[in-house]
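Asks:
Numbering (our numbering), first residue to last: 1178 to 1240.
#1: In the region 1200-1226, which residue ranges form an unbroken beta strand (DSSP E) of at least 3 residues, counting only runs that do not cross its ends?
#2: Name the residue from 1209, 1218, 1238 whose alpha carbon lies nearest to the alpha carbon of residue 1231.
#3: Whose C-beta lies closer than 8 Å to the C-beta of residue 1204 among residues of the same chain, with five residues either side of it excluded?
#4: Would you list the one or two residues that DSSP bridges to residue 1235?
#5: Alpha carbon to alpha carbon, how far is residue 1199 from residue 1185? Give it in angstroms, no decimals.
Written as structure tokens, this is what we have:
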């Protein structure tokens, strides 16, 4: 089995890993409500489910 001939220092290891970064998710703004949300996904706002700037469903209030 392959094994390293020399120990890789922590600095060298960390330099190699500098390119693995998290990126912030891109957000879209709803044209109707102005709310920011993930693109191509529905979102709830004030008891209503929006998708593509239109109300898809309203939440039922249980009495």
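For every residue, glycine included, the Cβ atom is placed at its ideal position computed from N, Cα and C.
Replies: For this structure:
#1: 1220-1222
#2: In the chain shown, the residue the question calls residue 1231 occupies position 54. With distances taken between Cα atoms, residue 1231 lies closest to 1209.
#3: If you number the chain shown from 1, residue 1204 lands on position 27. Within the same chain, residue 1204 has close Cβ partners 1213, 1214, 1215, 1216.
#4: For the purposes of this step, residue 1235 is identified with residue 58 of the chain shown, where counting begins at 1. Per DSSP, 1225.
#5: Translated into the one-based positions of the chain shown, residue 1185 becomes position 8. Translated into the one-based positions of the chain shown, residue 1199 becomes position 22. So the alpha carbons of these two residues sit roughly 25 Å apart.
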